[in-house]
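So the protein lines, in turn, are chains A and B.
91 is the number that our numbering gives to position 91 of the first sequence; each next residue is one higher, with no gaps.
Each position in the second sequence, counted from 1, maps to that position plus 396 in our numbering.
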Amino acid sequence: MQTDALLHLNLNRRGRLSRRNFLQSAALGIGGSALLSQFRLHAEDLKKEGRSCILLWLAGAPSQMETWDPKPGTPNGGETKKIQTQAPGVEIAHYWPKIAATMNEIAVIRAMTGKEAAHERGTYHLHTGHRMLGIEKFPHFGSVVARELGDPQSDIPNFVSIGQTLSSGFLGVQVAPFIIDRPGQLPDNVVNSTSDLRQRRRLALLSQQEHEFAQAGAAELVKEQSELYQKANLMMTSPRLKAFQFDDEPAAMQEAYGKTQTGQGLLVARRLVEAGVPFVEVRCNGWDMHSSVFSSMERRAPEVDQGLSQLLLDLKQRGLLEKTLVLCMGRIRTHSQNQCQLRSRSLASCLDSAGCWWRHEDREDHRLNQPTRRICGRPPGSFPGSLCDPLSQPGH
Amino acid sequence: MLKRRSSSQWIILVALICLIISVSSSAAPKKNAAPKTPPLNLPPLKTQEQKMQLLGYIRQTMPTRRIAQRITFSSADLDQALEQELGPAAQSLAQTIDDETFIRRASLDLTGQLPEPDKIEAFLKDQSTGKRSALIDELLESPAYGRKWARYWTSVIFYESEANKRRVDPQALEDWLAEQFNKGAPWDYITVMLISATPERNKAKRDDYGQDFGPNNFVLACENKSTELASQTARIFMGISIKCAECHDHPFDNWKREQFHELAAFFHPYTYKMPDQTDPKVQTVVQPRFLLGEKPHEKMKADARRVSIAAFLAYNPKNYWFARAYVNRIWSELIGDGFYDVDSLGPDSEVVHKPVVNRIAANFRYKDFDPKWVFRLIMNSRIYQREIRTSNSDSELFTAVRPSRLRPDVIADSVENLIGEDPSVRKEIMQAFDMNPSLPQDALEGSIQQALLMMNNQELQTRLSQSELKEQLVKISSDTELVQSLYLKVLARHATPSELERNLSYLRESEKREEAVDDLLWVLLNSTEFRTKR
């Protein structure tokens, strides 16, 4: 119930709600914002519970039948076999043995259909819950989580992305993703370039310099910049910065996640969540597999299979799985056996730690907001290890 | 590569001029008497030259050309018109800026570069009355002018493009635009070149979609998709937002869903079909029609239709959006606020001080869409030469200039001006300071990454500490002179008395003079002023 209310924050995407108006009404709590205040109320509860979310994004277009919905023996099934998982009745493609073995911890949300055929547009849809229409730039849902669940005074960003991702749109810089490219290493430029004493002297002189410019007519810009410099300096000296680094992480743990970009990214994600960051995205590239889908799958799947299953086990051992939603999703592509006839329909499928196979054949574009609406809760009637696939047809 | 392209451009241009002359003198279109559908009697329109030849002819016959000879509009007229519009707000006009602020502001606006210290000194010493105007003229003639504005427009076109990177060439577009701006090509020429392009794929070569030819890149940035071309044409060249109308009638505006699809039909190579609003499988054929109702000849082929939409866009004087969109863009960049958001105008009632922008736009048309005329008009006015102030109410709009964040390439240039060329620092700056060129200044925001980069980037700090600039500064024996040279080089102005005093005492209190110079450089590099146009 609570989460349902949280998830139904839905801006009027047909109208042109300007960013300024939106923020003003949010800040003052006025202007038809009953919905918004309800949203914030529940966010407060979730915040107290210390909830976080890790999103593993499979960039490109992973194939439906080679991931969570194998169809062997059908005209479109191809050479992919299905394997039993730990959860009775749930079968997935044979490229994912470790995921299969952790299926009891996983709830897989399988599938919904979308109208977007292009990568960028589908990616935008799944990251914002809105189709790319009009000029409004909708925020990444991670930014929404960061805004509602993050501490505004936090000494490290409330939304970290390992790899490029979408922007915070109209929500602005406060909740923009802080992007890093090399998991396990400190972010760029966080090490003080001089001694602490000199840095203090420099900053003191800078603030006087700024004061004069503010008086010359640039007060707003100066105010914003001093806030950012303050945040940056907090971050530089934050003890939580070490969450980005593997120095104190046992080698065995790094091995367990896999010495790959994705594996190491997921390990950083776990460390960040442990340090209190509410939203982390890990981007895994290389899922645009056209004619070479079977061989590419053999090559790409193990990295995710190992990293993701290890993440779930690790979170569970640390007691974090209860309050961490792990999502693995992509713009799922359906393909037929001859691998050339790609259907222009895109299908999203995700795997989460509290959901189910979930398929949603929706004819109306405007009702496709489900992925973000559901993001903090499980779909109705779902439970770990379950399969929800009401529309499944062989070879579909 | 660049040279070859530019020389071939010249040939094209010369050929074009000859053709325009011959066409306009001999081949006036014969009006056949058939009342209903006159046969289509068009010259071949396959190549870009052929298209431009016809457009050139249409341009010659623009009805506004005759009026233009009788009308003038000066910067003083602009000031008068605006002050009249401002009403009571005209009482709170900001002060006029001093010469030092003017030369920095004008140089940044026209070239994206800071004036060198000796240039500033010479400008301050100059006693002639018309020196500001002369500086504007001089800057408009420098090659950096074309480059700066080419970068801006390339960013406008590509910022939200979803096109595959291998099929577009933003650099080719930038080079072409720079050349056009520098030689004073009119805005309508540039626009119709971009709109009427029909790039063709060369299948013999991998990833060759015609992107090497600069003007092809607007269409390529839109992936040659009819709907994208329709919404981008309206957004960039008319400043209006009709994208929403792709799916439904615009809620607050006059645009109907049909109008969007009629516009899209213009760009479609064959028959355009509009999907039904509720059931996308049901499609109805839509005939091309421009926003003001102009229809192309039924028998027109795709190439000719591109030419006709370019003509409807630029040469129908009733399409006041075209000239106004350019004027509003440049005004926003120069003054910091626009008469309306540059690419998302809804109904015309959203335009603030509409009579003023409409007058500038009309005169821009009379001046044959000369881009430099717009710069001269605005920059010679009193409104441009006012001090900065941030106001967020419409009534105070244009009583002062808004302090503006500098564009990423300008910040990169300013940093390289201090440390010398450095591709890796440049790349980091371009990433960290990336900004959407179509957003109003008050919607832009800084980031933590920007602060971290400027404070701590190892390469930047090392290069700064070992720079020629620093070496020269340390050599200056007088501290006062040192501080003044520092301010002149980094902020392009002299230090104020309080700044001077503060910096002098910092130097005195520091044990190592060299380290202290590093600190002072660091402070100015990290100041808001360094990345702001004041």
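All C-beta atoms in this analysis are idealised placements derived from N, C-alpha and C, irrespective of residue type, glycine included.
No experiment lies behind these values; they were computed from the predicted model shown.
| Item | Value |
| --- | --- |
| Restricting to Cα atoms, I'd like to know which of A:296, A:46, A:54 and A:148 is closest to residue 282 of chain A. | A:54 |
| Hey, is residue 276 of chain A's beta-carbon within less than 7 Å of any beta-carbon in chain B? | no |
| Just the Cα atoms here: how many angstroms apart are residue 612 of chain B and residue 842 of chain B? | 33 Å |
| For chain A, is any of its Cβ atoms less than 7 Å away from the one on residue 919 of chain B? | yes |
| Taking just the CA atoms, how far does residue 677 of chain B sit from residue 687 of chain B? | 26 Å |
| With a cut-off of 7 Å, does the C-beta of residue 144 of chain A fall near any C-beta of chain B? | no |
| Counting Cβ pairs, one atom from each stretch, are 3 or more of them under 8 Å apart for the stretch 209 to 226 of chain A and the stretch 793 to 802 of chain B? | yes |
| When the Cα of residue 139 of chain A is compared with those of A:128, A:145 and A:146, which residue comes out closest? | A:128 |
| Is residue 120 of chain A close to chain B? Criterion is C-beta to C-beta, closer than 7 Å. | yes |
| With distance defined between alpha-carbon atoms, name the residue in B:605, B:834 and B:777 nearest to residue 477 of chain B. | B:777 |
| Where does residue 914 of chain B fall in DSSP's three states? | helix |
| How many angstroms separate the CA atom of residue 80 of chain A from the CA atom of residue 90 of chain A? | 16 Å |
| Consult DSSP for residue 176 of chain A and reduce its assignment to one of helix, strand or coil. | coil |
| Identify, in the order they occur along the chain, each residue of the same chain with its Cβ nearer than 7 Å to the Cβ of residue 277 of chain A, setting aside the five sequence neighbours on each side. | 52, 156, 158 and 160 |
| From which residue to which residue does the alpha helix (DSSP H) around residue 122 of chain A run? | 119 to 128 |
| Name the chain A residues that come within less than 7 Å of residue 923 of chain B, Cβ to Cβ? | 206, 209, 210 and 213 |
| Please check if any C-beta of chain A sits within less than 7 Å of the C-beta of residue 857 of chain B. | yes |
| Run the CB neighbour count on residue 442 of chain B, radius 10 Å, all protein chains shown included, and call it buried at 16 or more, exposed below. | exposed |
| Give me the Cα-Cα distance between residue 718 of chain B and residue 586 of chain B, rounded to the nearest whole angstrom. | 13 Å |
| Using a C-beta cutoff of 7 Å, does residue 849 of chain B count as contacting chain A? | yes |
| For residue 810 of chain B, which residues does DSSP report across the bridge? | Looking at the DSSP assignment, residue 810 of chain B forms no beta bridge with any residue, so it has no partner. |
| Is the Cβ-Cβ distance between residue 580 of chain B and residue 544 of chain B less than 7 Å? | no |
| Just list the residues that DSSP pairs residue 57 of chain A with in beta bridges. | A:283 and A:329 |
| With a threshold of 7 Å between beta carbons, is residue 751 of chain B in contact with chain A? | no |
| Would you kindly work out how many angstroms separate the C-alpha atoms of residue 879 of chain B and residue 195 of chain A, rounded to a whole number? | 23 Å |
| So, with DSSP's three-state summary, where would you put residue 225 of chain A? | helix |
| Leaving aside the five residues before and after residue 563 of chain B along the sequence, list all residues of the same chain whose C-beta is less than 7 Å from its C-beta, in chain order. | 603, 605, 607 and 616 |
| With DSSP as the reference, please indicate the residues paired to residue 801 of chain B in a beta bridge. | B:928 |
| Taking only three categories from DSSP, how would you classify residue 670 of chain B? | strand |
| Measuring CB to CB, does residue 171 of chain A end up less than 7 Å from residue 46 of chain A? | no |
| Measuring only between beta-carbons, confirm whether residue 231 of chain A sits less than 7 Å from chain B. | yes |
| For residue 548 of chain B, which option in B:729, B:684, B:641 and B:628 has the closest C-alpha, if you only look at C-alpha atoms? | B:729 |
| Could you check what DSSP says for residue 559 of chain B in three-state terms: helix, strand or coil? | coil |
| Below 8 Å on the Cβ atoms is my guess for residue 710 of chain B versus residue 584 of chain B; work out the distance and round it to an integer in Å. | 4 Å |
| Got a sec? Which residues, its chain only, sit under 7 Å from residue 578 of chain B by beta carbon, not counting five neighbours each side? | 539, 541 and 542 |
| Does the CB of residue 560 of chain B have a neighbour CB from chain A at under 7 Å? | no |
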